[in-house]
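Here's the structure we're looking at; comments come further down.
Residue numbers (this note's numbering), protein chains in the order written: chain A, 38 to 359; chain B, -6 to 255.
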């Protein structure tokens, strides 16, 4: 007997967010990327359209990342002193299609760069590379409220993705992103209720829902990946059933979480049974990313070029079935 | 919960007058107020006083469609009135309603199919109002069987168990609630269920309280749709909250507002 597939019919749709503006669109980017737009759960092509493939952005910092492990340092330490060279390397050597720049150097404990310095850095970065940019603050609310608006203005019209708005600190960032034509990252601490509430608060300020990307906060493989997975799945099911307030694409900070895991850092001398760390960290990052892609991750911010290469291959393979 | 706003009904004085005088502003206002309050669709009923419901319903449909593209529920016991409304419909449409009588279904089921409409089927026939759960089940089983025979999509069929005023038929209320649950297991895929809520409180002194208590209980029995007054804020709050308790909506601090803006 032939097996009949039971197909789900969905009434909702994830919003499509465009990152980067080309010259024709008022910016200076060589291309833009689109994320979201799904009308089904991930890769169930028979149930609904999946118009855009998941995207990977390379993560760079505006300062030397002191706690990155050797496997990452081997790739990037030659340009840590010059973040513009770092950006260039990602784009030219590793063919990055988008960059996520973390303004860690503005953090009071890690350099305390001023908003003028950061704005100038963003201007220079926009001149150095032509890929779409994701710009995230240093994580210190008070400082982010100074540097993020300055960077938004410096990148006016480039339609960047700006982060991160959180429940206790969203107004300044949202106002800046709205005024200068950017999209915003709405970050919630692995909490679907806060994710929904924050989207409502942001859209109440006048930023349309199709300019919001949810950062659900993720854990790496072995460190709460399944919690993030279930939150993302729950939001997706609600969105596809018609709840527009959670129908935003997801950005997942995969590199940041994966390279914190003990499994991707410790040397083979300490744990001989685990095998060489030169492969382990890459596998950890790639596996975390692929699992989150299956949960609905639309934009993955990653670090190691080899992990990114693997994940891009995986995405292309999945999209062949579309 | 699929919520149909009941207020555009010629039975209400202001609407009856607006229909008579062809006062579009009143109809527009009632349409938008109900939608802003969270209604998913609007019921359209010319009311008993309309001298010419066949043309009045067209005027109502066209007038409402000027301000909203939400689905409209064409409400009449006369098939020719519904048919007339369908001629000018642009929005999605619900036919409200057919009884379990063969001659009625023969006209309305093909019409629903042709217009891709949802159809409300009442657990009632020319023989009268059902007095218990089994009679209700028997009546709607006839509707389901006919729809299946005609190839009408059962998921677009909304079955109404017929609510009785609690002060008249107190003993039947539990039967009605159980019927809502059992209607859903008549076929696979399931038909949907709906009630015209205000009947339950007819003639009582605390209508709003009885309406919302019944609605929450019916939601727990699996009710899919309801025809009600969406401007009754406490009633809507109760309906929205029942969806939360049943895990059909994701909680957030602004869930009441969020639902209404959806």
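Beta carbons: idealized from backbone N, C-alpha and C, even for Gly.
Owing to the predicted nature of the structure, the values given are computational and were not obtained by experimental measurement.
Interface with chain A (8 angstroms Cβ-Cβ cutoff): residue 244 (chain B) is included.
In the displayed model, residue 160 (chain B) falls within coil according to three-state DSSP, outside both helix and strand.
Between the alpha carbons of residue 220 (chain A) and residue 68 (chain A) lies a gap of roughly 16 angstroms. Per the C-alpha coordinates, the member of B:25, B:130, B:234 positioned closest to residue 180 (chain B) is B:130. One alpha carbon belongs to residue 145 (chain A), the other to residue 180 (chain A), and they sit about 8 angstroms apart. For residue 184 (chain A), no Cβ of chain B is located within less than 8 angstroms of the residue's own Cβ. In terms of beta-carbon proximity, residue 235 (chain B) stays away from the interface with chain A, with every pair separated by 8 angstroms or more. Taking the Cα of residue 205 (chain A) as reference, the smallest distance to any Cα among A:178, A:158, A:112, A:277 is reached at A:178.
For residue 159 (chain A) against residue 188 (chain A), the beta-carbon gap comes to about 5 angstroms, under 8 angstroms, which counts as contact. Non-local beta-carbon contacts of residue 149 (chain B) in its own chain, meaning distances under 7 angstroms to residues more than five positions away in sequence, involve 111, 112 in chain order. Distance check between residue 271 (chain A) and each of A:233, A:110, A:87 places A:233 closest, using alpha-carbon atoms only.
Take residue 152 (chain B), set aside five residues on each side of it, and the residues of its chain with a beta-carbon closer than 6 angstroms to its own are 114, 133, 176, 184, 186, in chain order. Residue-level contact check: residue 227 (chain A) does not touch chain B, since none of the beta carbons of chain B fall below 8 angstroms from its beta carbon.
With contacts defined as CB atoms closer than 8 angstroms, residue 243 (chain B) and residue 265 (chain A) fail to qualify as a contacting pair.
Contact of residue 208 (chain A) with chain B is not assigned, every C-beta pair being separated by 8 angstroms or more. Using a CB distance cut-off of 8 angstroms, residue 212 (chain B) does not count as an interface residue toward chain A. A direct Cα-to-Cα measurement between residue 107 (chain A) and residue 307 (chain A) gives close to 15 angstroms. For the options B:140, B:219, B:214, B:173, the alpha carbon positioned closest to that of residue 192 (chain B) is the one of B:219.
Residue burial annotation: residue 138 (chain A) is buried, with at least 16 other C-beta atoms found within 10 angstroms of its C-beta. Residue 110 (chain B) is outside the set of residues whose beta carbon lies under 8 angstroms from a beta carbon in chain A.
Distance check between residue 93 (chain A) and each of A:64, A:358, A:359, A:343 places A:343 closest, using alpha-carbon atoms only. Annotation: residue 255 (chain A) to residue 120 (chain A) spans about 26 angstroms, alpha carbon to alpha carbon. In this structure, residue 88 (chain B) sits away from residue 64 (chain B), with a CB-CB distance that is not shorter than 8 angstroms. The alpha-carbon of residue 231 (chain B) is positioned some 10 angstroms away from that of residue 212 (chain B).
Against residue 247 (chain B), the close residues of chain A are 234, 237, in the order they occur along the chain (beta-carbon pairs closer than 7 angstroms).
In the displayed model, residue 141 (chain B) falls within a helix according to three-state DSSP. Here the C-alpha atom of residue 68 (chain B) lies approximately 6 angstroms from the C-alpha atom of residue 36 (chain B).
Between residue 201 (chain A) and residue 222 (chain A), the gap from beta carbon to beta carbon is short of 8 angstroms.
Sorting A:333, A:314, A:284 by C-alpha distance to the C-alpha of residue 263 (chain A) places A:333 at the top. In this structure, residue 147 (chain B) keeps its C-beta atom at 8 angstroms or more from the C-beta atom of residue 98 (chain B). Close to chain B, meaning a Cβ-Cβ distance shorter than 8 angstroms, are the following residues of the region 265 to 285 of chain A: 271, 272, 275, 279, 280, 281, 282, 283. Per the coordinates, the alpha-carbon of residue 147 (chain A) lies some 10 angstroms from the alpha-carbon of residue 140 (chain A). Beta-bridge partners assigned by DSSP to residue 66 (chain A): A:59. Between the alpha carbons of residue 113 (chain A) and residue 61 (chain B) lies a gap of roughly 57 angstroms. For secondary structure counted as the beta strand (DSSP E) over 3 or more consecutive residues, the region 93 to 171 of chain A holds these complete runs in sequence order: 136 to 139. By the 16-neighbour rule on beta-carbons within 10 angstroms, residue 279 (chain A) is exposed.
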